[in-house]
Each structure stands twice: as C-alpha cells, then as structure tokens.
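Okay, structure first, notes after.
Numbering (UniProt numbering), first residue to last: 1 to 255.
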C-alpha cells in the first residue's frame, strides 16, 4: 500500500522538483547578472489589453520575434521569482542608430500582474533575455503575416521592423550615405482576424499606429475592415513607392 501511495504521489514530487530546479536556475542567472534591471514607463489599458513601455539600463540590438521573461517587483512571494514571458511588439529605434533602450509590450490583462491596476503601479522590473529566433523576413520580396486576436503582439514586430528598416535606409540616402540594410522586401500584407465583433485588444489603436506610421513616411498603405457580423478581419498593406503609385494618402480597400 505504501508503495502504491508513493507511486500515486510521484507526479507531484516530479513537478515540485522541476519547480525547485527552475527557481534555483533563475536565481543563479540573476546573480550572474543575466537579468537586466529596467524601469516601467508609461502604460495604459485599452479594451482588456495593456500597453507597457519599458526603459532599459543598457542598450540592446532589437530584432522582431524576440521575447523576454519579465519579473515584476511588489508581487506576492510565490510570484517573486516567476518570470512572465512576453513578446516585445516594438521598440524605440531612431533613424541614425540600430540599438535601443526602450521596448514596448502588449499584454492581455492577467493575474497577478498589476500593471493595469491604477492602485498598484509598478516602477521597477527586470528582464531576462532576449530569446527567440530572427526569421530575417527582409530577405523575401513579398511578406504575408497572419494573426488572430491578441496573437497580433507576436506578429506586429515583423511588420513594424520592416517599415523601420526601410525608413532608416531612406534617412541615410537623403544624406548621401550608403544604405545600411538594403532589404529586398517590396510588399508586406498583415491580416488580423478577431474572435468577436467587439474585440478586447485595442484594435483601433493598433490600426491607427500602422496607418499613421506608414503614411507619414509616404509609402503606400491600405487599411480596411472586411464586414462580418461575428469575426471582423483587418488588412494592412505596405509597399515600396514607385513612379506610378500615388502615395498622397491612405486608400481604403474594396471588397
């Protein structure tokens, strides 16, 4: 009987052992300075999702698809050493540099992270990373990106990065400096499907960012909502300008 009871409890012991080893590993990384201290900047909540701005102490070279384990201060002790994996959906990249100290995260509101709670604002956090693989989409002439609901946070970096790289090279050419990236990408399509008629991931804010960021750089951009009573789909397109392409204002797609 005792042996059978021990076998029944084996999964619990294994899970506890994995948790202990993982926690100790995180502590070792922390003391080895693998984590980077950061400051939580401005944050706001839009329809169930929180936009968080993070200021790093050391600059990093960003790339689309990178994610971090974020550790928040002020959480209960059982969450003190728990890292929350989050994708950086974009970063602050000036025209004349390729590194950044400012990252932006888009996360769904979840317990116990108190970012969206006005009574429990967090100022200090630490980040472990970046992790993730760079897909080097700039080596493809046509790029099609698909996302559903909050999954946009993982796809949006690729679209914004391609626009940013193009902007960086244009800024250099205007100053008679050879282009830095020389991407071959000429067209980017982003399709975003929502789970419900009234989405909770700040879709209007995201669309305004895409349209404004692209239009102010005088590239062709289209944005529309494919009418549907249950699952609306947004489409955003970016093209390199050509001699026969009118880039004076954004166009609206027709069904």
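Built from N, CA and C at the ideal position, the CB exists for glycine as well.
For residue j and residue i, the rounded distance between their alpha carbons
{"i": "residue 104", "j": "residue 180", "result": "24 Å"}
{"i": "residue 65", "j": "residue 171", "result": "25 Å"}
{"i": "residue 14", "j": "residue 177", "result": "59 Å"}
{"i": "residue 119", "j": "residue 73", "result": "Summary for residue 119: the model assigns pLDDT 49, below 50, so the residue's position carries little reliability, and this model does not support an answer."}
{"i": "residue 173", "j": "residue 167", "result": "10 Å"}
{"i": "residue 278", "j": "residue 19", "result": "Nothing about residue 278 can be read from this structure; the chain reaches only from 1 to 255."}
{"i": "residue 162", "j": "residue 22", "result": "36 Å"}
{"i": "residue 132", "j": "residue 88", "result": "11 Å"}
{"i": "residue 90", "j": "residue 175", "result": "26 Å"}
{"i": "residue 83", "j": "residue 58", "result": "20 Å"}
{"i": "residue 164", "j": "residue 186", "result": "14 Å"}
{"i": "residue 212", "j": "residue 75", "result": "Low per-residue confidence applies at residue 212: pLDDT is 45, beneath 50, and the placement is therefore not dependable, though the value from the model is reported in the following sentence. If you take the alpha carbons of residue 212 and residue 75, they lie about 37 Å apart."}
{"i": "residue 92", "j": "residue 52", "result": "13 Å"}
{"i": "residue 80", "j": "residue 134", "result": "30 Å"}
{"i": "residue 191", "j": "residue 39", "result": "33 Å"}
{"i": "residue 54", "j": "residue 139", "result": "30 Å"}
Own chain partners of residue i with C-beta closer than 8 Å, once the 5 adjacent residues on each side are dropped
{"i": "residue 169", "result": "179, 180, 181, 182 and 183"}
{"i": "residue 78", "result": "none"}
Cβ-based neighbour list, residue i, same chain, cut-off 6 Å, excluding 5 preceding and 5 following
{"i": "residue 137", "result": "143 and 158"}
{"i": "residue 107", "result": "50 and 86"}
{"i": "residue 155", "result": "145 and 147"}
{"i": "residue 60", "result": "none"}
{"i": "residue 37", "result": "57 and 126"}
{"i": "residue 124", "result": "73"}
{"i": "residue 160", "result": "90"}
{"i": "residue 153", "result": "87, 89 and 106"}
Paired residues, beta bridge with residue i - DSSP
{"i": "residue 59", "result": "According to DSSP, which records beta bridges pairwise, residue 59 is partnered with nothing at all."}
{"i": "residue 105", "result": "52 and 88"}
{"i": "residue 124", "result": "39"}
{"i": "residue 100", "result": "60"}
{"i": "residue 70", "result": "84 and 127"}
C-beta atoms of residue i and residue j nearer than 9 Å
{"i": "residue 71", "j": "residue 35", "result": "yes"}
{"i": "residue 17", "j": "residue 102", "result": "no"}
{"i": "residue 24", "j": "residue 127", "result": "no"}
{"i": "residue 129", "j": "residue 68", "result": "yes"}
Heavy atom of the ligand NAD within 8 Å of residue i beta-carbon
{"i": "residue 159", "result": "The ligand NAD is absent from the structure shown, which contains no ligand whatsoever."}
Residues near residue i in its chain [Cβ-Cβ closer than 7 Å; skip 5 each side]
{"i": "residue 141", "result": "184, 185 and 186"}
{"i": "residue 99", "result": "59, 60 and 61"}
Cβ of residue i within 9 Å of any chain B Cβ
{"i": "residue 80", "result": "In the displayed structure, chain B is absent; only one protein chain is listed."}
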